[in-house]
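K.L.:
Before anything else, here's the structure in question.
Protein chains: 4
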Amino acid sequence: MRISIQTHLQYVMHGNGSLLLQIEAAQDDTQVIVQSNLHTKQPLAWNVIGGEDGVGQRRWAEVGGNFACSYHALVDIDRPSMQLPSLKTSPIAALSENVTPYIMPSRYCHPEAFFAFVPAQFGDASGGTLVQQMSDWIYDHFTYDNAASNGATTATDSFHAMAGVCRDYAHVLIAMARAVGIPARMASVYAPNVKPQDFHAVVEVYLEGAWHLVDPTGMADPDQMVRIGVGRDAADVSFMTSYGQMDLLAQTVDVQVIA
Amino acid sequence: MRISIQTHLQYVMHGNGSLLLQIEAAQDDTQVIVQSNLHTKQPLAWNVIGGEDGVGQRRWAEVGGNFACSYHALVDIDRPSMQLPSLKTSPIAALSENVTPYIMPSRYCHPEAFFAFVPAQFGDASGGTLVQQMSDWIYDHFTYDNAASNGATTATDSFHAMAGVCRDYAHVLIAMARAVGIPARMASVYAPNVKPQDFHAVVEVYLEGAWHLVDPTGMADPDQMVRIGVGRDAADVSFMTSYGQMDLLAQTVDVQVIA
Amino acid sequence: MRISIQTHLQYVMHGNGSLLLQIEAAQDDTQVIVQSNLHTKQPLAWNVIGGEDGVGQRRWAEVGGNFACSYHALVDIDRPSMQLPSLKTSPIAALSENVTPYIMPSRYCHPEAFFAFVPAQFGDASGGTLVQQMSDWIYDHFTYDNAASNGATTATDSFHAMAGVCRDYAHVLIAMARAVGIPARMASVYAPNVKPQDFHAVVEVYLEGAWHLVDPTGMADPDQMVRIGVGRDAADVSFMTSYGQMDLLAQTVDVQVIA
Amino acid sequence: MRISIQTHLQYVMHGNGSLLLQIEAAQDDTQVIVQSNLHTKQPLAWNVIGGEDGVGQRRWAEVGGNFACSYHALVDIDRPSMQLPSLKTSPIAALSENVTPYIMPSRYCHPEAFFAFVPAQFGDASGGTLVQQMSDWIYDHFTYDNAASNGATTATDSFHAMAGVCRDYAHVLIAMARAVGIPARMASVYAPNVKPQDFHAVVEVYLEGAWHLVDPTGMADPDQMVRIGVGRDAADVSFMTSYGQMDLLAQTVDVQVIA
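Chains as they are written, first to last, in the numbering used here: chain R, 767 to 1025; chain A, 767 to 1025; chain S, 767 to 1025; chain G, 767 to 1025.
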């Protein structure tokens, strides 16, 4: 499946500051970048660095005043279908150095807040079956609401509000999965059916020795997701982080299936 | 300088569970392990993995019932003296992929809570001078008190309590440093003058392209610290993390300068 | 039913400080104090003030050094039995000035954290039926555990831990009730079957124009409770609040049904 | 001094719900209501109840659909000038039943978060001198910013942000005052120089046996404040609280000195 991505960002940095940009599709076995172009109005001295865990890339730059950036890419996705409920938990004590951080508490995801709730609500289910049940529970109980969260909202807060946006849905599933020893992280992705069109955040769980994409909002299908990057939670994979006061002027994301 | 480390842990795991152990001295250019031995009563199928950022190592094992472990090491430290106040800030936009995570918020260290306080309190100081002033401020205002914190205590909480143990002191300095764009992480160390003798937590700040050890408790001197591991905060570098209910029976740490 | 109460407190105040004591049975239509005696070793200049909402009384005193206090009372309880599930909600807009504060958020009880959960979990139930279902749900899911909470633990925290002591159980039910517009407050009581014997905290909900006692821990029966005082939450009805550093040396509570 | 107050509110309640309105000037020795009129478009069955602590009044009503309300009043203020720094602390153990609640923690004001900070920052100052210093400190360090807070923001949060609106400034001063045993509460007022014109929140501290108005935002002078009501914090004295989903359409407040 070929996906076309077109995104445009416009910001203004008051004075001078640094920004970290993470909007480019990652290249890997399951998604091949056929064509891509990142364009800024004025030339910038980019410091291009890898993404967390070697997934994708990020860019640092110093900017002052207006910052406008366009990104276009064509990506071919060939991600094998998987039956989440059939996947088994990887034994905790066998986790590698790269996966171990993803069962730890992080900025927005505190597994300890779900130690009691998960067994009380989901009983003896485990592995992919449990992840599917937790994801369905979030989907069934939560309301998608932009006004329900902000940059300080944790998984625990969202669990109480039973409302939020994609990153909040993802944080709750991540915290719940870690609460039962299933490594979980956030993936930032492009996907065609996200309404309204925007950068999207989903979950990756580690089962049977590999990472598997899950979207508790139900908006995106793993077969159609273009991964940008991964991290412990939204603190790691924001598409734009600024040091200095920066205001958003305009932002568009357009993702289409073209073949 | 040669340091002798002798530590002994005794726990009981109720039922079966997994534990992650991180108590061994790391090998690097500034500390050479002359001799070391890790001994457990019954043989365990250890899964030895690297520490965060390639510093030191950790061990996973499945255990049931009693778990006792002794670790002995002789380590030669040759860490060049440095004058912290003379060190300059590294430009944010020049940070590498490995250092970038350490300006982000983490489980216990929320820089955003210190965005207003740090400039209000420390004015225009920057780089190593600022780190020294912040470390001194913590040292001057905080009371070392075991009863003042627990596993949920964040840097923000400790800042209000102005009390805590080594990890709390470290969390506050880490959050303050990140608030002004200085990468900072926690290092778990052995040091001879820690009272009472125990695993110790200090801070590493990234200035002029390298990590530098700082101890806001004033108990340990960078020249005498044996690093075990590093991480974003205490969530990453606990000497012992258990999945399953495990109780402490006994624990001793003995660190001596022997030459 | 006649209840005998015997309680003894021993504290030491470091330097001089003020304490607020609230341990005496309240006198009202449903509980008559047949005999009572409050005794302190050295004479104290008590400032005796009413309890919150005119229920019971409290005492301020300045003390220095050792403070020991004994309280004995015989109380006849004649509290009409009520069938909680049969009681209807009082319309919010008809609440009086004295009841209105008890639907507001307070220190430990944030109803907004339960706006989404209560309808999701309990559906269309209302009034006493809903209160009974929420109390049963807490009783069924929570573990009574002294180590699970401290002076900073909110209803929201306890809800996540699904564990705590009587005040935590009470806080959760209070927050849930307020979340659906049912006024709820904490009552501090003596009751004979509390294990271990101690001051006890329960809930009062306002239904059909009156306050009704409910104990989500299941340890105390409204027919056997001797009320001491009431408040928005534990911040208001602690049996002992000190301004100055005061340490507990010994404390016993003995409550018996004697007729 | 004669003050003219003109306020207009327009809301829409989705479905039916209850609202609690607290916008009328309180009558007391220091402010005499010369003339007043509260007008709603459609007649409402108001349940008029007293304000907290007998200050002012509130109104409950059930409404559905559009709700518009106009309030006009002329108030003569004759509040004796006082020199805050000259006032002494009232001994804690002498506090009455009505004042005692105002040293306790409340929804938004947790004194315990300031136990360490206040003595560290303000040293040995006490009474009105200390209150003045704390109020000045807040005025000097804080930025007035609507975007810096929301309905969940506590005094502790605002202290970190060093930013907020009048209620946030007030919460911080209240929490700091209680931290050193000075009773403090929130007063909702009208005042002529508030920019932009709006309902205003200030602090009342209890010193030398009486309540005294203080405004840490510096916008209002006690001689020109018309008190509406008081409470432990903003949870008690909101000008409008709704049970049911209600949206703001328009709101104007106009306060003028007319003689």
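C-beta: ideal position from N, C-alpha, C; glycine also. Since this is a predicted model, take the numbers as computed values, not measurements.
Could you tell me how far apart the beta carbons of residue 949 of chain G and residue 1019 of chain G are, in whole angstroms, since I believe they sit closer than 8 Å?
P.N.:
29 Å between Cβ atoms; not a contact.
K.L.:
So, does the CB of residue 1009 of chain S fall closer than 7 Å to a CB anywhere in chain G?
P.N.:
yes
K.L.:
Can you tell me which of G:1001, G:1016, G:793 and G:889 puts its alpha carbon nearest to the alpha carbon of residue 786 of chain G?
P.N.:
Per the C-alpha coordinates, the member of G:1001, G:1016, G:793 and G:889 positioned closest to residue 786 of chain G is G:1001.
K.L.:
Spell out whether any CB of chain S is found under 7 Å from the CB atom of residue 873 of chain G.
P.N.:
It does: the Cβ of residue 873 of chain G has a partner Cβ on chain S nearer than 7 Å.
K.L.:
Apart from the five residues on each side of it in sequence, which residues of its chain come closer than 8 Å, Cβ to Cβ, to residue 815 of chain G?
P.N.:
823, 824, 825 and 826
K.L.:
Listed in chain order, which residues of the region 965-988 of chain G have Cβ atoms closer than 9 Å to some Cβ of chain A?
P.N.:
none
K.L.:
Of all the options S:980, S:1010, S:964 and S:925, which has the alpha carbon lying nearest to the alpha carbon of residue 951 of chain S?
P.N.:
S:980
K.L.:
Which term fits residue 809 of chain R, buried or exposed, when burial requires 16 or more other beta carbons within 10 angstroms of its beta carbon?
P.N.:
exposed
K.L.:
Does the beta-carbon distance from residue 782 of chain A to residue 817 of chain A come in below 7 Å?
P.N.:
Taking 7 Å as the Cβ cut-off, residue 782 of chain A and residue 817 of chain A do not qualify as a contacting pair.
K.L.:
Can you name the residues of chain G whose CB is closer than 7 Å to the CB of residue 779 of chain A?
P.N.:
Within 7 Å Cβ-Cβ: nothing; residue 779 of chain A doesn't reach chain G, min ~36 Å.
K.L.:
Throw me the rounded Cβ distance for the residue 1006 of chain G and residue 775 of chain G pair, which I believe falls under 8 Å.
P.N.:
7 Å
K.L.:
What would DSSP say about residue 709 of chain G, mapped onto helix, strand or coil?
P.N.:
The structure shown does not extend to residue 709 of chain G, since chain G spans only 767 to 1025, so no value can be given for it.
K.L.:
Secondary structure at residue 937 of chain S, three-state DSSP: helix, strand or coil?
P.N.:
helix
K.L.:
In three-state DSSP terms, what is residue 948 of chain R?
P.N.:
Residue 948 of chain R falls in the coil class under three-state DSSP.
K.L.:
Considering only the alpha carbon of each residue, which of R:870, R:942, R:983 and R:953 lies closest to residue 917 of chain A?
P.N.:
R:870
K.L.:
Taking CB distances under 7 Å as the criterion, tell me whether residue 828 of chain S reaches chain G.
P.N.:
yes
K.L.:
For the region 873-885 of chain G against the region 920-940 of chain A, are there 3 or more C-beta pairs whose distance is under 8 Å?
P.N.:
yes
K.L.:
Taking residue 975 of chain G as the reference, which of G:912, G:946, G:860 and G:835 has the closest Cα?
P.N.:
The residue from G:912, G:946, G:860 and G:835 with its alpha-carbon nearest to that of residue 975 of chain G is G:860.
K.L.:
Identify the continuous alpha helix (DSSP H) that holds residue 876 of chain G and give its terminal residues.
P.N.:
Residue 876 of chain G -> no alpha helix (DSSP H), and no H or E assigned at all.
K.L.:
Looking at C-alpha atoms only, which residue of S:956, S:848, S:996 and S:820 is the closest neighbour of residue 970 of chain S?
P.N.:
S:996
K.L.:
Measure the C-alpha to C-alpha separation of residue 1025 of chain S and residue 858 of chain R and round it to an integer number of angstroms.
P.N.:
Rounded to whole angstroms, residue 1025 of chain S to residue 858 of chain R spans 58 Å at the Cα level.
K.L.:
Mark residue 922 of chain R as exposed unless 16 or more other C-beta atoms lie within 10 angstroms of its C-beta, in which case mark it buried.
P.N.:
buried
K.L.:
DSSP three-state call for residue 826 of chain G: helix, strand or coil?
P.N.:
strand
K.L.:
Check whether chain A comes within 7 Å of residue 928 of chain G, counting only Cβ atoms and requiring the distance to be less than that.
P.N.:
yes
K.L.:
Comparing alpha-carbon positions, which option in A:885, A:844, A:848 and A:800 lies nearest residue 944 of chain A?
P.N.:
Comparing alpha carbon positions, the residue from A:885, A:844, A:848 and A:800 closest to residue 944 of chain A is A:885.
K.L.:
Can a CB atom of chain S be found closer than 7 Å to the CB of residue 921 of chain R?
P.N.:
no
K.L.:
Taking DSSP as the reference, what is the three-state secondary structure of residue 1050 of chain S?
P.N.:
The requested residue 1050 of chain S is not part of the displayed model; chain S covers only 767 to 1025.
K.L.:
Among the candidates R:819, R:767 and R:834, whose CA atom is the shortest distance from the CA of residue 778 of chain R?
P.N.:
R:834
K.L.:
Could you name the residues of the same chain whose beta carbon sits closer than 7 Å to that of residue 893 of chain A, not counting the 5 residues immediately before and after it, in chain order?
P.N.:
853, 854, 855 and 973
K.L.:
Using a beta-carbon distance below 7 Å, is residue 907 of chain G in contact with chain A?
P.N.:
yes
K.L.:
Who are the near neighbours of residue 947 of chain G in its chain, counting only those whose CB is closer than 8 Å to its CB and skipping five residues on each side?
P.N.:
855, 858 and 869
K.L.:
Just to confirm the assignment: which complete beta strand (DSSP E) runs, minimum length 3, are found wholly within the region 834-895 of chain R?
P.N.:
none
K.L.:
My output table needs one value for residue 798 of chain A: the three-state DSSP class, helix, strand or coil.
P.N.:
Three-state result, residue 798 of chain A: strand.
K.L.:
Residue 886 of chain S versus chain D: which residues are under 7 Å apart at the beta carbon?
P.N.:
Within the model displayed, chain D is absent; protein chains R, A, S and G are what it includes.
K.L.:
What does a CB cutoff of less than 6 Å around residue 841 of chain R pick up in its chain, not counting 5 residues either side in sequence?
P.N.:
769, 791, 797, 799 and 992
K.L.:
Listing by chain order, which chain A residues have their CB less than 8 Å from the CB of residue 1005 of chain G?
P.N.:
Against residue 1005 of chain G, chain A offers no close residue; the least beta-carbon distance is about 28 Å (beta-carbon pairs closer than 8 Å).
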